[in-house]
Amino acid sequence: MTVKNSEDSAEQSKLPTRKHTALPKAQTLIEALPWLTRHHGRTVVIKFGGNAMIDEELKSAFAQDVVFLRHAGLRPVVVHGGGPQISAALDQHGIPSEFKAGLRVTSEDAMDVVRMVLAGQVQRELVGLLNRHGPLAVGLTGEDAHTITAVRHRPEIDGRPVDIGRVGEITRIDTGAIEALLADGRIPVVSSIARSQDDGHVYNVNADTAAAALAAALGAETLMVLTDVEGLYEDWPDSDEVISRLTASQLEKLLPELSSGMVPKMEGCLFAVRNGVRTARVIDGRVQHSILLEIFTDEGIGTMVVPDGSDQGDAV
């Protein structure tokens with residue numbers, strides 16, 4: 000017979016009732032394990048925009064998320080526009096902001112401002128936020144190393160093409176510079192400006208479109224587009240229920256019914272998954288750490304688009 004010391008027994012009886020305040024943190028990490036395993040070494044392209052670009056706390060949380068992805072073994076690439084900042088700068092220069100077919104009309108004078116804001120203001124701030132956590136981020140524009148090449152885009156309104164100035168339609172992506180940075184452990188931060196294919200100038204390119212094109216060219220695991228809504232709504236404005244998952248064909252049928260602001264985002268998602276990207280996700284950038292919530296938790300947030308024929312378990 001083994002006789003237990005009464006003090007040992009008393010001590011053991013206390014163990015189940017102890018409060019392990021760090022246990023939820025451990026549970027969260029364990030929940031993330033399958034996703035960390037699946038995404039390790041994969042490229043993730045993130046389009047940075049909306050309120051996340053102008054709210055200081057959201058900007059800081061975004062930078063933390065991207066750095067976390069990098070240290071968790073993923074290869075994040077950030078693509079950004081700068082709509083609010085561009086509009087403010089144009090106003091300061093006495094240049095009116097005008098939109099046609101959902102795109103900013105970009106005159107020669109406006110293009111100079113766009114270039115200055117994207118490459119000289121927005122990108123510099125974002126690179127600085129990321130580099131608070133180490134020498135990680137490197138900024139470049141689509142002009143650099145011929146990363147993005149475009150021709151003049153002439154959208155149609157009522158069946159007739161219209162001139163919206165120096166707005167580009169992407170014709171070619173060269174991923175060499177981005178791949179080199181990723182191989183060196185860096186985080187590329189790409190401004191949505193493209194070199195001209197034919198006239199020696201530069202073009203303003205929709206950032207959603209640029210992110211989708213880069214994701215496809217890089218063979219990314221996923222494209223993530225930050226927005227100012229929860230995702231794609233089932234029956235807006237009659238319902239605020241978010242569609243959590245849909246296939247490329249299902250999305251294509253919905254496109255004509257979408258609001259003008261969502262069209263380039265969802266067209267980008269459609270292009271991405273039809274050109275080799277495993278999943279494309281539209282998520283609410285107003286939620287702090289929305290990127291981590293989407294990738295590393297069971298619930299996820301936002302709307303995920305998958306290629307036709309994907310099984311439910313294939314896209315996580």
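For the sequence shown, position 233 (counting from the first letter as 1) is numbered 232 according to numbering that gives the first Met the number 0, and the numbering increases by one without interruption. Where is the CB? At the ideal position from N, CA and C, for every residue including glycine.
Query raised in the report: Can you tell which of P75, G133, D162 has its C-alpha closest to the C-alpha of T105?
Result: D162
Report task. With a threshold of 16 other CB atoms inside 10 Å of the CB of A359, please say whether the residue is buried or exposed. Result -> Nothing can be reported for residue 359: it is not among the residues displayed for the chain, which extend from 0 to 315.
**Report entry** Option in T296, D283, V276 with minimal Cα separation from N50
**Finding:** D283
**Report entry** Paired residues, beta bridge with F98 - DSSP
**Finding:** R103
Query raised in the report: Short check: CB of A219 to CB of V44, under 8 Å?
Result: yes
Requested in this report: Could you tell me if D313 is buried or exposed, where buried requires 16 or more neighbouring beta carbons within 10 angstroms of its beta carbon?
Outcome: Bear in mind that the predicted position of D313 carries a pLDDT of just 47, short of 50, making it too unreliable to give a figure here.
Query raised in the report: For the candidate residues G158, I242, E233, A279, whose alpha-carbon lies nearest to that of A215?
Result: A279
Report task. Please indicate yes or no: does the CB of S309 lie closer than 7 Å to some heavy atom of the ligand COA? Result -> The ligand COA is not among the ligands present in this structure, which contains no ligands whatsoever.
**Report entry** Rounded straight-line distance, which links the Cα of I192 to that of K99
**Finding:** 19 Å
Query raised in the report: Under 8 Å, do V77 and V65 count as touching if we go by C-beta distance?
Result: yes
Requested in this report: In angstroms with no decimal places, state the Cα-to-Cα distance between V315 and N203.
Outcome: Note that V315 scores a pLDDT of 47, beneath 50, so its modelled location is shaky and nothing firm can be said.
Query raised in the report: Going by C-alpha distance, which of L35, I169, A62, L89 is nearest R123?
Result: A62
Query raised in the report: According to DSSP, is L139 helix, strand or coil?
Result: strand
Query raised in the report: Taking buried to mean at least 16 other C-beta atoms within 10 Å of its own C-beta, is I186 buried or exposed?
Result: buried
Query raised in the report: Hey, G267 and D207: beta-carbon distance below 8 Å or not?
Result: yes
Query raised in the report: What distance in whole Å lies between the Cβ atoms of G48 and H92, which are believed to be in contact at a cut-off of 8 Å?
Result: No, H92 and G48 are not in contact; Cβ-Cβ is about 22 Å, not under 8 Å.
Report task. Identify every run of the beta strand (DSSP E) within the region 123-211, keeping only runs that are complete inside it and at least 3 residues long; order them along the chain. Result -> 136-140, 147-151, 167-172, 186-190, 192-195, 201-203
Query - M303, DSSP secondary structure in three states - result: strand
Requested in this report: Consult DSSP for R377 and reduce its assignment to one of helix, strand or coil.
Outcome: As displayed, the chain neither begins before 0 nor continues past 315, which places residue 377 out of reach and without an answer.
Report task. Per DSSP, which residues does D227 bridge with? Please list them. Result -> Answer is none; D227 lacks a bridge partner.
Report task. Specify, as a first and last residue, the run of the alpha helix (DSSP H) that I290 falls within. Result -> 289-295
Query raised in the report: When you compare only the Cα positions, how much space is there between S258 and A210?
Result: 20 Å
Query - Coil, strand or helix - L257 by DSSP - result: coil
Query - Cβ neighbours of E168 in the same chain (closer than 6 Å, five flanking residues each side left out) - result: A149, V150, H152
Query raised in the report: From L35 to N274, what distance separates their C-alpha atoms?
Result: 24 Å
Requested in this report: Would you mind stating whether R74 and L222 have Cβ atoms separated by less than 8 Å?
Outcome: no
Requested in this report: Can you give me the start and stop residues for the beta strand (DSSP E) that L245 sits inside?
Outcome: 244-246
Query raised in the report: Smallest Cα separation from D173: which of P23, A212, M115?
Result: A212
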